[in-house]
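Student: All letters in the sequence shown, in the order written, are residues 1 to 286 by the UniProt record's numbering.
C-beta atoms are modelled at their ideal positions from N, C-alpha and C, and glycine is treated no differently.
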Amino acid sequence: MFDWENLRFFLAVAQAGTLSGAARALKVDHATVSRRLSALEAQLQVRLVDRLPRACLLTAVGEQVFKLAGDMEASAFAVQRTVRAEQSPTAGHVTISAPPVLASNFLAGRVGAFRQRYPHVQLSIAGQTQSVSLGRREADIAVRLYRPTELESVIRKVGNMPCALYASLGYEYADVPARWAFIAYESQWADREHQKWLVRVAAGRPIACGLSDITTQHAAARAGVGVAGLPVFMGDNDPQLRRLPWEGEAFCPEIWLVVHQDLRHSALLRAVMEFLVEVFAEQFEA
């Protein structure tokens, strides 16, 4: 009989395509992944993966084992979700994945109010730019700035996040739109809708700097670097910024809550979801 834990390492290699990618996903070192994979192949007496210099390719047998192992993993996660759905609504741990702009500038400030209502429920809020898998229990609840499309998820729109143009009170070209320089994203984020909007608004005017996230762009705007396209809930509440006149194309992403369908009846998650719906409604119009 083979070690089931070794199968988990094989799955990670198959999904990542490299030993290093699997190591990052599992939060272990490269050597551990290689050793576990070799142990599984020795136990099964078959080669599952061809180790190439830059990638790991599944053999024909490896492809078959990958499918079966994936089914087993899905069943294991389903067991976890079933148990999770029966937890007490007043005690437990809930992980929320959210875009960094909302995690840092909105949700973190509401944890205190949540704790007063549910003192025995611990919230973990992960600010993440990439979407997580709810089916794989990477989070219990996700907040997205677009309408989710996962087939196994239950979704609810909780608001809109309008953006506007802002500059520091001392920005010397605030009243001269032709001289505006813009604070945008690094080149690796060129496909973000927010970045595309900023480029269209700039319309050939210079990009002063490229920064990785909205919170950092906010700080740059406060420092007088240039014009930033910030969420109104941040910009309008910052006394060091002024909103600039802009009658062109608007940018207003939708805010959605997502939970896996197996957990939609969980009393614990329902309590957290209801709190989130409430606080989003206080700040963002639907």
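Within its chain, find whatever has a CB closer than 8 angstroms to the CB of T215; leave out the 5 residues flanking it on each side and keep chain order.
Tutor: Position 215 of the sequence shown, counted from the first residue, corresponds to residue 215. These residues qualify, in order along the chain: P100, V101, S104, N105.
Student: Rounded to a whole number of angstroms, what is the C-alpha to C-alpha distance between P245 and L165?
Tutor: By 1-based counting over the sequence shown, the position of residue 245 is 245. By 1-based counting over the sequence shown, the position of residue 165 is 165. Taking the straight line from one Cα to the other gives about 8 angstroms.
Student: Which of helix, strand or coil does DSSP assign to N6?
Tutor: What you label residue 6 is simply residue 6 of the sequence shown in a count that begins at 1. Three-state result, N6: helix.
Student: Could you give the C-beta distance for residue 312 and E254, rounded to a whole number, given that I count them as a contact under 8 angstroms?
Tutor: The requested residue 312 is not part of the displayed model; the chain covers only 1 to 286.
Student: Classify W246 as helix, strand or coil using the three-state DSSP reduction.
Tutor: As a working note, residue 246 is residue 246 in the sequence shown. Coil.
Student: DSSP on L107, reduced to helix/strand/coil?
Tutor: Counting from one through the sequence shown, the residue named residue 107 turns up at place 107. Three-state DSSP puts L107 in a helix.
Student: Over the uninterrupted beta strand (DSSP E) stretch that includes L123, give me the two end residues.
Tutor: The residue labelled residue 123 in the question sits at position 123 within the sequence shown. Annotation for L123: the continuous beta strand (DSSP E) segment containing it runs 121-127.
Student: Please state whether the Cβ-Cβ distance between G92 and V61 is less than 8 angstroms.
Tutor: Sequence index remark: in the sequence shown, residue 92 carries index 92 (1-based). Sequence index remark: in the sequence shown, residue 61 carries index 61 (1-based). Cβ distance not < 8 angstroms, so G92 and V61 don't count as in contact.
Student: Buried or exposed: which applies to N237, given that a residue is buried once 16 or more other Cβ atoms fall within 10 Å of its Cβ?
Tutor: The residue labelled residue 237 in the question sits at position 237 within the sequence shown. Per the 10 Å Cβ criterion, exposed.
Student: In chain order, which continuous runs of the beta strand (DSSP E) of length 3 or greater are located wholly inside the segment 11-88?
Tutor: 49-51, 56-58
Student: For V13, count the other beta carbons within 10 Å of its own beta carbon; 16 or more makes it buried, fewer makes it exposed. Which is it?
Tutor: For this step, residue 13 is matched to residue 13 along the sequence shown. Buried, because 16 or more other Cβ atoms sit within 10 Å of the Cβ of V13.
Student: On the DSSP letters alone, give me the boundaries of the beta strand (DSSP E) that L230 sits inside.
Tutor: Translated into positions along the sequence shown, residue 230 becomes position 230. 227-231 is the extent of the beta strand (DSSP E) around L230.
Student: What is the rounded straight-line gap between the Cα of H194 and the Cα of E41?
Tutor: Along the sequence shown, read from residue 1 onward, the residue named residue 194 stands at position 194. Along the sequence shown, read from residue 1 onward, the residue named residue 41 stands at position 41. Whole-angstrom Cα-Cα distance: 46 angstroms.
Student: Alpha carbon to alpha carbon, how far is R156 from W256?
Tutor: If you number the sequence shown from 1, residue 156 lands on position 156. If you number the sequence shown from 1, residue 256 lands on position 256. So the two alpha carbons sit approximately 6 angstroms from each other.
Student: Kindly identify the DSSP beta-bridge partner or partners of T95.
Tutor: Indexing the sequence shown from 1 puts residue 95 at position 95. Bridge partners of T95: S124.
Student: For A221, is the classification buried or exposed, using 16 other Cβ atoms within 10 angstroms of its Cβ as the cut-off for buried?
Tutor: As a working note, residue 221 is residue 221 in the sequence shown. When all chains shown are included, A221 counts as buried.
Student: Can you name the start and end residues of the beta strand (DSSP E) that L165 belongs to?
Tutor: Residue numbering aside, residue 165 sits at position 165 when the sequence shown is read from its first letter. Unbroken beta strand (DSSP E) run through L165: 163-168.
Student: Using only alpha-carbon positions, find the residue among V227, G210, Y171 that is nearest to S187.
Tutor: Numbered from 1 along the sequence shown, position 187 holds the residue referred to as residue 187. The candidate whose alpha carbon is nearest that of S187 is G210.
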